[in-house]
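What follows is one structure encoded as structure tokens, with my remarks underneath.
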């Protein structure tokens, strides 16, 4: 009660997501051809631990809740994770997108939801081509169900968390046509 | 116009996610 999004909000998210996907698809070649910063080393597809560290950062990966680092005022991407920049995700093949999605969903099955995880899940969903392969289909359903479980257990009305979970459930159910999982107002 | 300027921003996906998350308010 009070956590479920309105139909209007859900429709807006689907429309915005669709526009983001169109822009991504239109400019993918440009972003693929851009040089990455020398510190961005994308792991091999089969390197599960490498991808978790890459996306979530060593801090979240190791479960260290350290807020600030006084000795270094700049952003240390190794510690906080690399964000899903277009220049990074445009280089990922469909197979890699699906594989990394699987790694992160498996992580989320056991760990807390974080903003870093939310951004990557959203970005990977934006890269996932339709029609879905059977394995991607089952993966994203698993993701939406996990989001629902976490939402049910959330007692503190953490608005950012609930919103992020609602967004993922909404995109899986309404953009990727898994209507039985949708929040019905 | 907007779409074009967004296309040259490497952090479009991050901004789109953050905007979507900020748009929901619990009842």
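Protein chains in written order, with my numbering: chain F, 1 to 185; chain U, 186 to 212. We put the CB at the ideal spot given by N, CA and C, even for glycine.
query                                                                                                                                       : result
Residue 139 of chain F vs residue 184 of chain F beta-carbon contact at 7 Å                                                                 : no
Host alpha helix (DSSP H) of residue 54 of chain F (start-end)                                                                              : 48-62
Chain-order list of residues whose beta-carbon lies under 6 Å from that of residue 70 of chain F (same chain, five-residue window excluded) : Note on residue 70 of chain F: pLDDT 48, under 50, position unreliable in the model; the coordinate value appears next. Taken in chain order, the list of residues that qualify is empty.
Contact belief for residue 197 of chain U with residue 23 of chain F at Cβ below 8 Å, rounded distance in angstroms                         : 7 Å
Residue-level contact to chain U via CB, residue 94 of chain F, 7 Å cutoff                                                                  : no
Within 8 Å of chain U by C-beta, residues of the region 162-178 of chain F in sequence order                                                : 162, 163, 164, 166, 167
Rounded C-alpha distance that separates residue 29 of chain F from residue 154 of chain F                                                   : 41 Å
Any chain B beta carbon closer than 7 Å to residue 83 of chain F                                                                            : This model lacks chain B altogether; the protein chains it does include are F and U.
Segment contact flag, the region 129-137 of chain F with the region 162-172 of chain F, C-beta cutoff 8 Å, min 3 pairs                      : no
Beta-carbon proximity check, residue 43 of chain F vs residue 31 of chain F, cutoff 7 Å                                                     : no
Simplified DSSP state of residue 140 of chain F, which is helix, strand or coil                                                             : helix
Spatial distance of residue 130 of chain F from residue 176 of chain F (CA atoms)                                                           : 8 Å
Reference residue 21 of chain F, options F:173, F:122, F:147, closest by Cα                                                                 : F:122
Proximity test, Cβ basis, 7 Å: residue 157 of chain F and chain U                                                                           : yes
C-alpha gap between residue 55 of chain F and residue 116 of chain F, whole angstroms                                                       : 7 Å
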